[in-house]
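Numbering-wise (my numbering), the sequence shown opens with residue 10 and increments by one. Heads up, the beta-carbon is just placed ideally off N, CA and C, and yes, glycines get one too. Keep in mind that this is a model prediction, so the values were computed, not measured.
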Amino acid sequence: MPVFGKIKKFPESGIFLSALIGVVVLGSIWGVLEATLGGFLHLIHFPYKGAIMGGIGMSIMATFVATNRRPSLVIGVGFIAALFKLLSALIYGGPLFAPFVVNPATAIILEGLAFGLVTYFLFRGFERSVKVRAGVGLLVGYLSMTLWGAVASIMGVGNWAFMELQEKVTYGLVNGTALAIVGVLLLPLGYMVGTKLRPKLVQLRSMRPKIFYGSSAAATVSCWIIAAFAFASGL
């Protein structure tokens, strides 16, 4: 029977290893979705693409928290997903620090940071209440956009260096609200998926560890290969 509201600690080496594997696998799933679905939405100039992909990222991070109960590690999921942007630079033959690499990678990492902070401090309610989980989606949406606005202003990213304060606030509110709405809808779904997966993953890791580790490695490698083909095809 699960104990709600108790964050897992680090000393349990086997469980911690499985949590790290979860970081890599789920981060890779987020990354390949950025490469495929995100690339497609960019090609068709879909409005609020960032909100859609950010909401999907929240659902994936919620799945991680539900399966591993370690919000302190969730930023790693975002970091792994952000690495896929470096893969796009390698495929396209562009510089690693080009804006099309750095900007989305930074946004993904900041969303992971925001999600980790909010779920860490609201962990007890996050596990117990779907309303709290929806509220976390709302908070993460606005906090992510606030962090991005601060970093973009300091670094002079894109048009942020030339925008007036009122323009920045308006941009942040519009896009932050879009991300928050999608997060409210998708985050609880991701958590529900995680609660269904958790007992199955625990059983697989305990009873058939070779299959657990092998399938995790295969899933990760597959994500990177699919992403490479997606970038090579022009997505």
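Backbone CA spacing between residue i and residue j [nearest angstrom]
i	j	result
L213	I89	24 Å
R142	R78	14 Å
F240	L188	25 Å
I100	V191	30 Å
G125	K177	25 Å
M216	L206	15 Å
I234	Q175	43 Å
L46	F55	11 Å
A228	F221	11 Å
V183	L210	39 Å
M10	A75	Interpretation of M10 is limited by its pLDDT of 47, a score under 50 that renders its predicted location unreliable; the figure taken from the coordinates is listed afterwards. Taking the straight line joining both Cα atoms gives about 14 Å.
Y57	L35	23 Å
M201	G59	23 Å
A107	S138	42 Å
L29	L96	21 Å
G31	G181	31 Å
F130	A123	11 Å
Exposure label - residue i; buried when at least 16 CB within 10 Å
i	result
P20	Caution is warranted here: a pLDDT of 45 is assigned to P20, below 50, making its placement in the model unreliable, and the coordinate value is therefore given only provisionally. With fewer than 16 Cβ atoms within 10 Å of its Cβ, P20 is classed as exposed.
E173	exposed
N168	exposed
G243	exposed
M70	buried
L152	buried
M67	buried
G165	exposed
L26	exposed
A226	exposed
V193	buried
From the options, residue whose alpha carbon lies closest to that of residue i
i	options	result
G40	S27, E176 and I118	I118
F109	L42, L210, V230 and F93	F93
G64	L210, G185, A114 and P208	G185
F73	G158, I235, F135 and L156	F135
M62	I234, L195, R133 and L244	L195
E120	F130, F106, G144 and T155	T155
V127	Y57, V149, S68 and T204	V149
A91	S37, A237, L198 and G199	S37
C232	L42, G31 and I163	L42
V145	I163, L52, G199 and P218	G199
A114	R133, V83, S81 and W157	W157
Neighbour flag for residue i against chain B, beta carbons, 8 Å
i	result
Y151	Given the protein chain composition of this structure (a single chain), no chain B is represented.
* To do: Would you mind listing the alpha helix (DSSP H) stretches within the region 36–101 that are 4+ residues and don't spill past its ends, in chain order?
  => For the region 36–101, whole alpha helix (DSSP H) runs of length 4 or above, ordered along the chain, are 48–52, 58–77 and 83–101.
* Asked: At which residue ranges does the region 150–227 contain complete alpha helix (DSSP H) runs of 4 or more residues, listed in the order of the chain?
  -> Counting only runs of 4 or more, we get 174–216.
* Which ranges would you report for the beta strand (DSSP E) in the region 98–149 if only whole runs of at least 3 residues count? -> None, since the region 98–149 contains no complete beta strand (DSSP E) of that length.
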